[in-house]
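Peer 1: Residue numbers (my numbering): 10 to 152. A virtual CB, placed ideally from N, CA and C, is assigned to each residue, including glycine. Quick one: the structure is below, questions incoming.
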């Protein structure tokens, strides 16, 4: 799983325009074309073994800086990837959650030998899952 996050050739298969230099101080770039570009710097790296960790800053125009944490955990039969994008304001959190959801779906498809196109074509459906109005409708009532 580490190689899918850190090797440019594999990143391009599920996240075109992305580059992560997996060393402390290494640059990070997520180029989303017309949507914009997020940049950052790697702050922590624990190379893969039974577990691995990569933490980098996230700078998106108009939003306070935040941090993204990629943690690998050994589980029976494979590896679990846990991604946490923390220190976010509520407003951009839903948009970022949509993006990460689609990106992780694309990673799952690519790592399984398939095409990531199906994940990217579902952006609209995924966005509805995180839309504030959708969440409010499904929330339990106090009354």
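Just how far apart, CA to CA, sit residue 12 and residue 132?
Peer 2: Against the chain shown, residue 12 aligns to sequence position 3. Against the chain shown, residue 132 aligns to sequence position 123. The alpha-carbon atoms of residue 12 and residue 132 are separated by roughly 25 angstroms.
Peer 1: Between which two residues does the beta strand (DSSP E) carrying residue 63 extend?
Peer 2: Translated into positions along the chain shown, residue 63 becomes position 54. Residues 60 to 69.
Peer 1: I think residue 47 touches residue 67, with their Cβ atoms under 8 angstroms apart; what is that distance to the nearest whole Å?
Peer 2: The residue you call residue 47 lines up with position 38 of the chain shown. The residue you call residue 67 lines up with position 58 of the chain shown. Contact flag correct, Cβ pair sits at about 6 angstroms.
Peer 1: Considering only residues of the same chain and omitting the five flanking positions on each side of residue 35, which have a CB-CB separation below 6 angstroms?
Peer 2: Within the chain shown, numbered from 1, the residue matching residue 35 stands at position 26. Around residue 35: 51.
Peer 1: For residue 39, list the residues DSSP reports as bridge partners.
Peer 2: The residue given as residue 39 occupies position 30 in the chain shown. According to DSSP, which records beta bridges pairwise, residue 39 is partnered with 27, 47.
Peer 1: Assuming residue 75 and residue 96 make a contact with CB atoms under 8 angstroms, what is their CB distance in whole Å?
Peer 2: Here residue 75 is taken as the residue at index 66 of the chain shown, counted from 1. Here residue 96 is taken as the residue at index 87 of the chain shown, counted from 1. With 8 angstroms as the limit, residue 75 and residue 96 qualify as a contact, their Cβ atoms being about 4 angstroms apart.
Peer 1: Would you mind reading off the limits of the alpha helix (DSSP H) that contains residue 126?
Peer 2: Your numbering for residue 126 matches position 117 in the chain shown. Counting along the chain, the alpha helix (DSSP H) containing residue 126 begins and ends at 126 to 130.
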